[in-house]
Amino acid sequence: MDGVRRHSAGRVMMEHMNEDQPMRIGIVDNDELTLAALSAYLEQRFGAGSVVWRCVLGGKAVRLCRDEQTRPGMLLLDMSLSDMDGAAVCRAIRGENNNMPVLAITSFPLHRFAA
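Mapping to my numbering: the sequence shown position 24 is 80, numbers consecutive.
Listed below in structure tokens is the structure:
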């Protein structure tokens with residue numbers, strides 16, 4: 057392996073589900089069509105209201121994750137954003153909340169983001 061962990065998105069999400077609380081998912085992706093498709097799939101899979109917010113900017117995602125009122129239980133994070141890269145978003149969130157699962161997504165080859 058090249059140091060990048062590979063898991064199915066569904067498996068990762070199921071591992072972090074709590075039957076007592078609904079799934080709360082935030083999505084950040086620079087492509088509106090991808091945001092709509094991911095939101096529709098996740099709402100169908102995990103129920104209406106499971107996607108608590110979606111945005112196209114990494115900076116906004118960081119602010120939403122830092123705020124106790126809008127913090128999701130899990131974040132789907134595109135690694136290629138217009139205002140900051142996904143790795144920087146992840147570092148900013150991890151600096152304050154190391155417990156939130158972050159599922160990185162990209163349409164680019166993984167070696168581009170492996171560190």
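Where a beta carbon is used, it is the ideal one built from N, C-alpha and C, also for glycine.
Using the C-alpha atoms, what's the distance from residue j back to residue i?
i	j	result
Tyr97	Val112	18 angstroms
Met156	Arg127	9 angstroms
In three-state terms, what does DSSP make of residue i?
i	result
Leu159	strand
Gly105	coil
Gln77	strand
Pull up the CB-CB distance for residue i and residue j, whole angstroms please, since I reckon it's below 8 angstroms.
i	j	result
Cys121	Ile149	5 angstroms
Classify residue i: buried if its beta carbon has 16 or more other beta carbons within 10 angstroms, exposed otherwise.
i	result
Ser138	exposed
Val145	buried
Leu133	buried
Between the options, which lies nearest to residue i when the distance is taken from Cα to Cα?
i	options	result
Glu152	Asp141, Phe164 and Asp123	Asp123
Pro165	Met140, Ser136 and Asp87	Ser136
Leu159	Arg168, His167 and Met130	Met130
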